[in-house]
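Worksheet: the structure to be examined is printed underneath.
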Amino acid sequence: VSAVVGLCVALPLFASAVVLGVRRWAVLRDVLTLATMATVTGLAVALLVEVERNGTVVLRVGDWAPDLGIVLVADLFAALILVVAAATILVVELFAIGQRRTPSGADPSVVSPMLLVLAGGVSLAILTGDLFTLFVAFELILVSSYVLLTHQGHAGQVRSGMTYVVINLFASTLFLFGVAIVYAATGTVNMAVLAERFPELPAATQVGVGLWFLVVFGTKAAVFPLFSWLPDSYPTAPTTITAVFAGLLTKIGVYVLIRFFTLMDLDELGPLLLVIAGLTMIVGVAGALAQDDVKRILSFHVVSQIGYMIMGLGLFTVAGVAGSVLFLVHQIPVKTVMFLAGGLIEDDQGTSALKKVGGLATSKPVIAVLFALPALSLAGLPPFSGFVAKLALVEAGVASGAYVIVAVSLIGSLLTLLSMTKIWLGAFWGEVTPSAVPASSRRSITIMQSAAGIAVAGTLAVAVVAGPLWDVSERAATELLDRAQYVTEVLG
Amino acid sequence: VSVAMIVAVAGLVATGTFLVTSRSLSRIVLGFALLGHAAVIALLASGGRAGEPPIVDGDTDGDTANPLPQALSLTAIVISFGLTLFVLSLARRQQALTGDDLVEDDVEDRRIASTHEQQHAALDETREIEALHDNPEGGS
Chain L
68 VSAVVGLCVA LPLFASAVVL GVRRWAVLRD VLTLATMATV TGLAVALLVE
118 VERNGTVVLR VGDWAPDLGI VLVADLFAAL ILVVAAATIL VVELFAIGQR
168 RTPSGADPSV VSPMLLVLAG GVSLAILTGD LFTLFVAFEL ILVSSYVLLT
218 HQGHAGQVRS GMTYVVINLF ASTLFLFGVA IVYAATGTVN MAVLAERFPE
268 LPAATQVGVG LWFLVVFGTK AAVFPLFSWL PDSYPTAPTT ITAVFAGLLT
318 KIGVYVLIRF FTLMDLDELG PLLLVIAGLT MIVGVAGALA QDDVKRILSF
368 HVVSQIGYMI MGLGLFTVAG VAGSVLFLVH QIPVKTVMFL AGGLIEDDQG
418 TSALKKVGGL ATSKPVIAVL FALPALSLAG LPPFSGFVAK LALVEAGVAS
468 GAYVIVAVSL IGSLLTLLSM TKIWLGAFWG EVTPSAVPAS SRRSITIMQS
518 AAGIAVAGTL AVAVVAGPLW DVSERAATEL LDRAQYVTEV LG
Chain S
120 VSVAMIVAVA GLVATGTFLV TSRSLSRIVL GFALLGHAAV IALLASGGRA
170 GEPPIVDGDT DGDTANPLPQ ALSLTAIVIS FGLTLFVLSL ARRQQALTGD
220 DLVEDDVEDR RIASTHEQQH AALDETREIE ALHDNPEGGS
C-alpha cells in the first residue's frame, strides 16, 4: 500500500516530462494528461479508503531509518485533502482543453505539463513528513505557478508576475532560514522527531520559531497583512490558471499551517491566530466590495475565506480544527468552480468588468446556474456545503467561548452575500449584452460548461455527504491534535 | 558557531534586503542572490562545529562535519540558481515590453492615486463655478 503514496508524487512528475516531450501532438498530450490526473485521483481515493479503515500509511523512501531519510506520511487529513486537490486539478485540466480554442485560452503545450508539475508538488507538500522536503515541494509548486502565470507574456501578466515572484521568492528564502533555525535548535528536520524535541526547547524559542513560520506559511496562504500580492496577480492569468491557483495554492499554505502548528503544539499562538483570522475575513471581504470586476471580486474573496480556516486552527480544539478541515474540503472545489464560472462569463462576453456585462440570466442561463449555486455556498446559505462548514466553525467558536471571532465571522458572511449580490445584479440581471463568441468555438464552450458542471456537482456532493464527512474531519482533527500518535506511527 | 559566520549572514541579509526593496528587477535579482547565500551559510552554521556527524554507530574521524546541512544547502543552491534565471528572463521580457525593468505599481495603487487626482480636479472645478456665481459679470 505504501507504494501508492509514492506514486501520487512520482506519477505526475514523470508524466509531465513525457507530456513535455509530446507537447506538439495535441490528442496524445491531452489524453496522457487527463489519464495521469484521473489515475492520481483514483490512487488518492484508494489511499483515503485504506487510511480510513486501517490507519496512517507511512512510506520510507529508500528504506532509510525515518529520522535519517525522507518519509511520506498519509494520515486522514493528508489523504482527504489529496483526494480533493487531485480531483480539482483533473476538472481544471478538462476545462483547459475546452478553453484552448477561445481567445483568452492559455497555451496547452505549456499548461498541460506545468499542471502536472503543480500536481506533483501539491501531492508532495501534502504527504511529506519532513520540513526540508516541504521546502522543495513548495518550490515545485511555485516554479510551475510562475510559468503558468506569465507564459503568455502580456504586459499585465509580466507586471503582476514580477510582484508575485518577488514576494514568493522572499518567503521561500525566509523558509530556508527557518529550516536552518529549526535544525540548529533541534538537530533534525523530520517532523515526527521535531514534534518530540520541540516541546523541550525554551518557551521563547518555541514562540519565535512559531512566529517565523507563521510569516512564511502566512505569505503562501495570503493571510492579513501578507495578502496584497494575491488580488493583484490572480486576475491577470487565464481563467484555467486562476481557478487552480485560487482553489489550491493558498489552501496548501493553510494545510501546512494547520499541520505545523498542531504538530509543534503552538497553542500559545492561538489568540494571535484568531486576531489574524478576523482581520483577514473583514479586510478581504471589504476589498471585494470595492471592486467592479468579477475576477477581482472573487480574488478578494479568496483572501476573506482564508480567515475562516485560520479561525478553526486558532481555537485549538478538536471541533475547531475539524471545522477548518471541513472548510478546506468545501472551499477548494467552490473557489475553483467560481473562477471557472467567471471564466465562462469572460469567454462569452470578452470581458469580466461588471459595467460591460449584463443580462446573462436570460441570455446564458447555464452560466447563471453554474455561478449561483457555488455563490450561495460561498456565502454560507443552507443547504449548501458552505453552510455546513461555517456552522461547524461557529459551533466550535461558541463552545470555546470565543464570541468576538464568531460575531466577526457572521458579519463576514453577510458581507460575502452582499458582494455576491453585486456580481449577480451586475452580470446576470439588467440589459442583455451581445455575446462575443464566434460560432466555431461552440464545442469548446460545451466542454468548458460540462467541466464546470462536474465541479458544481462536486460542491453539491460535499453538502450531501456532510454527515460522514464531518465524522472523517473530526477524526482527522483528533489525529492532528494527538501528536504522540503521529510520532509513533512515523518512527514506528 | 563562529562570529565570522554570524557577521557574514548579517551583512548578506542586510545588503540583500536593501537590494530586494528597490524598483529595478536586475537589482532585485542581485538581492536574492545575496539572500540565498546568506540562507546557505545559515544552514551550514546550523550543522554546528566539525566533528559532530549525525551518523548512527558510525566510526568516523573526529573532524568529520555533519553532512546533512551540506546536502540541504546544495539543494537550495540549485533551486535558487534556476529561479535567478527565471527572474532574469522576466526582467528581459519587461524590458522588451516597456523599455526598462522597473516593477510597476499594482492596479489598486494606481486607482487610488487616480481617484485622489480626480477629487482634486473636481474640487477645483466646483471652486471655479462658485467663483463664477459670486461674480457673474466678470467671467474670464
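Those sequence lines, one after another, are chains L and S. Take the position in the first sequence, starting the count at 1, then add 67; the result is the number in our numbering. Take the position in the second sequence, starting the count at 1, then add 119; the result is the number in our numbering. Don't be surprised by glycine CBs; every beta carbon is placed ideally from N, CA and C.
So is leucine 193 of chain S buried or exposed if we call it buried at 16+ other beta carbons inside 10 Å? As a working note, residue 193 of chain S is residue 74 in the second sequence. Flag for leucine 193 of chain S reads exposed.
- Can you name the start and end residues of the alpha helix (DSSP H) that leucine 126 of chain L belongs to? Locating residue 126 of chain L in the first sequence gives position 59, counting from the first residue. No alpha helix (DSSP H) contains leucine 126 of chain L, which is instead part of the beta strand (DSSP E) from 124-127.
* When you compare each of S/Met124, S/Thr203, S/Gly166 and S/Leu144 to glycine 155 of chain S by their alpha carbons, which one comes out closest? -> Against the second sequence, residue 155 of chain S aligns to sequence position 36. Of S/Met124, S/Thr203, S/Gly166 and S/Leu144, the residue nearest in Cα terms is S/Thr203.
Next on the checklist: Suppose you measure from the CA of glycine 257 of chain S to the CA of serine 300 of chain L; what does that come to, to the nearest Å?
Outcome noted: As a first step, residue 257 of chain S must be located in the second sequence, where it is residue number 138. As a first step, residue 300 of chain L must be located in the first sequence, where it is residue number 233. Interpretation of glycine 257 of chain S is limited by its pLDDT of 47, a score under 50 that renders its predicted location unreliable; the figure taken from the coordinates is listed afterwards. Those two C-alpha atoms are separated by around 53 Å.
Sequence-distant residues of the same chain with beta carbon closer than 7 Å to serine 69 of chain L, five excluded per side
The residue given as residue 69 of chain L occupies position 2 in the first sequence. Around serine 69 of chain L, the same chain offers Val124, Val125 and Leu126 as residues with beta carbons nearer than 7 Å, after the five sequence neighbours per side are excluded.
Relative to the C-alpha of valine 282 of chain L, which residue among L/Val433, L/Lys422 and L/Phe244 is closest?
Position 215 of the first sequence, counting from 1, holds the residue named residue 282 of chain L. Closest option to valine 282 of chain L, Cα to Cα, is L/Phe244.
- Item | Secondary structure of valine 557 of chain L, DSSP reduced to three states | Numbered from 1 along the first sequence, position 490 holds the residue referred to as residue 557 of chain L. Look at valine 557 of chain L here: in three-state DSSP terms it is helix.
**Prompt:** For aspartate 225 of chain S, does the three-state DSSP call read helix, strand or coil?
**Reply:** One-based indexing of the second sequence puts residue 225 of chain S at position 106. It is coil, neither helix nor strand.
Could you name each continuous alpha helix (DSSP H) segment of 4 residues or more that falls completely within the region 356-422 of chain L, going from the start of the chain to the end? Runs found: 361-382 and 385-416.
Inset, instruction - Tell me, please, whether the CB atom of aspartate 299 of chain L is closer than 9 Å to any CB atom in chain S? - result: As a position in the first sequence, residue 299 of chain L is number 232, starting the count at 1. Yes, aspartate 299 of chain L counts as interfacial toward chain S.
Taking the alpha-carbon of threonine 307 of chain L as reference, which of L/Arg363, L/Ala408 and L/Val455 has the nearest alpha-carbon?
Within the first sequence, the letter at position 240 stands for residue 307 of chain L. The candidate whose alpha carbon is nearest that of threonine 307 of chain L is L/Ala408.
TODO: Decide if the region 333-343 of chain L is in contact with the region 241-256 of chain L; the criterion is three or more beta carbon pairs, one per stretch, under 8 Å apart.
DONE: Taking one beta carbon from each stretch, the region 333-343 of chain L and the region 241-256 of chain L have fewer than 3 pairs nearer than 8 Å; the two do not touch.
Using the DSSP secondary-structure output, state which residues sit across from valine 107 of chain L in a beta bridge. Position 40 of the first sequence holds residue 107 of chain L. As far as DSSP is concerned, valine 107 of chain L takes part in no beta bridge.
Local conformation of valine 148 of chain S per DSSP, three classes
By one-based count along the second sequence, residue 148 of chain S stands at place 29. Per DSSP, reduced to three states, the secondary structure at valine 148 of chain S is helical.
Self-check item: Top-ranked residue by Cα proximity to aspartate 134 of chain L, from L/Glu263, L/Leu149 and L/Ile156
Solution: The residue labelled residue 134 of chain L in the question sits at position 67 within the first sequence. It is L/Glu263 whose Cα lies nearest to the Cα of aspartate 134 of chain L.
Exercise. So, helix, strand or coil for threonine 195 of chain L, using DSSP?
Worked result: Taking the first residue of the first sequence as position 1, residue 195 of chain L is located at position 128. DSSP, read as helix, strand or coil, puts threonine 195 of chain L in strand.
- Task: Would you kindly report the start and end of the unbroken alpha helix (DSSP H) that includes valine 150 of chain L?
- Result: In the first sequence, residue 150 of chain L corresponds to position 83, counting from 1. Counting along the chain, the alpha helix (DSSP H) containing valine 150 of chain L begins and ends at 143-166.
* Asked: Which chain L residues sit within Cβ distance under 7 Å of proline 188 of chain S?
  -> Position 69 of the second sequence, counted from the first residue, corresponds to residue 188 of chain S. Chain L residues near proline 188 of chain S: Tyr250.
*asked:* Can you tell me whether glycine 275 of chain L is helix, strand or coil according to DSSP?
replied: Within the first sequence, the letter at position 208 stands for residue 275 of chain L. Assignment of glycine 275 of chain L by DSSP, reduced to helix, strand and coil, places it in the helix class.
**Message:** So valine 118 of chain L and alanine 141 of chain L are supposed to be a Cβ contact under 8 Å. How far apart are they, rounded?
**Reply:** For the purposes of this step, residue 118 of chain L is taken as the residue at position 51 of the first sequence. For the purposes of this step, residue 141 of chain L is taken as the residue at position 74 of the first sequence. Sure, about 6 Å apart at Cβ, within 8 Å.
| field | Pick from L/Ala102, L/Tyr322, L/Thr106 and L/Leu87 that is closest to leucine 74 of chain L, judged by C-alpha positions | value | Here the question's residue 74 of chain L lines up with position 7 in the first sequence. Among L/Ala102, L/Tyr322, L/Thr106 and L/Leu87, the Cα nearest to that of leucine 74 of chain L belongs to L/Thr106.
Q) Should glutamine 237 of chain S be flagged as near chain L, meaning a C-beta pair shorter than 9 Å? A) By 1-based counting over the second sequence, the position of residue 237 of chain S is 118. Not an interface residue.
- Quick one: is arginine 550 of chain L near chain S, going by C-beta distance under 9 Å? The residue you call residue 550 of chain L lines up with position 483 of the first sequence. At least 9 Å separates the CB of arginine 550 of chain L from every CB of chain S.
- Query: When DSSP labels each residue in this structure, what does valine 140 of chain L get in the three-state scheme?
  - Reply: Along the first sequence, read from residue 1 onward, the residue named residue 140 of chain L stands at position 73. DSSP places valine 140 of chain L in strand when its eight states are reduced to three.
Next on the checklist: So that I know if they touch, is there some Cβ in chain L lying closer than 9 Å to that of serine 165 of chain S?
Outcome noted: As a working note, residue 165 of chain S is residue 46 in the second sequence. With respect to chain L, the C-beta atom of serine 165 of chain S has a partner C-beta closer than 9 Å.
- Task: Between the Cα of proline 302 of chain L and those of L/Ser190, L/Ser227 and L/Leu161, spot the shortest distance and give me the residue it belongs to.
- Result: For the purposes of this step, residue 302 of chain L is identified with residue 235 of the first sequence, where counting begins at 1. Checked all of L/Ser190, L/Ser227 and L/Leu161; the closest Cα to proline 302 of chain L is L/Ser227.
task: My understanding is that threonine 309 of chain L touches phenylalanine 205 of chain L, with C-beta atoms under 8 Å, so please give their C-beta distance in whole angstroms.
output: The sequence position of residue 309 of chain L within the first sequence is 242, counting from 1. The sequence position of residue 205 of chain L within the first sequence is 138, counting from 1. A Cβ-Cβ distance of about 20 Å is found for the pair threonine 309 of chain L and phenylalanine 205 of chain L, leaving them out of contact under the 8 Å criterion.
| task | For glycine 410 of chain L, I'd like the list of residues in its chain whose CB is within less than 6 Å of its CB, leaving aside the five on either flank, ordered along the chain. | result | Within the first sequence, residue 410 of chain L is the residue found at index 343, counting from 1. Around glycine 410 of chain L: Thr306.
Could you give the C-beta distance for glycine 525 of chain L and alanine 154 of chain L, rounded to a whole number, given that I count them as a contact under 8 Å?
-> Residue mapping note: residue 525 of chain L aligns to position 458 of the first sequence, counting from 1. Residue mapping note: residue 154 of chain L aligns to position 87 of the first sequence, counting from 1. About 7 Å; that satisfies the 8 Å criterion.
Item to complete: Note down, in chain order, each residue of its chain lying with its Cβ closer than 8 Å to the Cβ of leucine 101 of chain L, except the 5 sequence neighbours on either side.
Response: The sequence position of residue 101 of chain L within the first sequence is 34, counting from 1. Closer than 8 Å at Cβ, skipping near neighbours: Leu157, Glu160, Leu161 and Ile164.
Can you list, in chain order, the residues of its chain whose CB lies under 8 Å from that of glycine 254 of chain L, leaving out five sequence neighbours each side?
Taking the first sequence and counting its residues from 1, the one referred to as residue 254 of chain L is at position 187. The answer, listed in chain order, is Arg264.
>> Once DSSP output is grouped into helix, strand and coil, what is the label at asparagine 257 of chain L?
In response: Residue mapping note: residue 257 of chain L aligns to position 190 of the first sequence, counting from 1. Three-state DSSP puts asparagine 257 of chain L in a strand.
- Query: Quick one, which residues of the region 197-224 of chain L are near chain S if we go by CB-CB under 9 Å, in chain order?
  - Reply: Residues passing the 9 Å Cβ filter: Phe199, Phe202, Val203, Glu206, Leu209, Val210, Tyr213, Val214, Thr217, Gly220, His221, Ala222 and Gly223.
Taking only the alpha-carbon atoms, compute the straight-line gap between alanine 543 of chain L and isoleucine 478 of chain L and give it to the nearest angstrom. Within the first sequence, residue 543 of chain L is the residue found at index 476, counting from 1. Within the first sequence, residue 478 of chain L is the residue found at index 411, counting from 1. Rounded to the nearest whole angstrom, the CA to CA distance from alanine 543 of chain L to isoleucine 478 of chain L is 29 Å.
Which partner residues of serine 143 of chain S appear in the DSSP bridge assignment?
-> The residue labelled residue 143 of chain S in the question sits at position 24 within the second sequence. DSSP output for serine 143 of chain S lists S/Leu221 as bridge partner(s).
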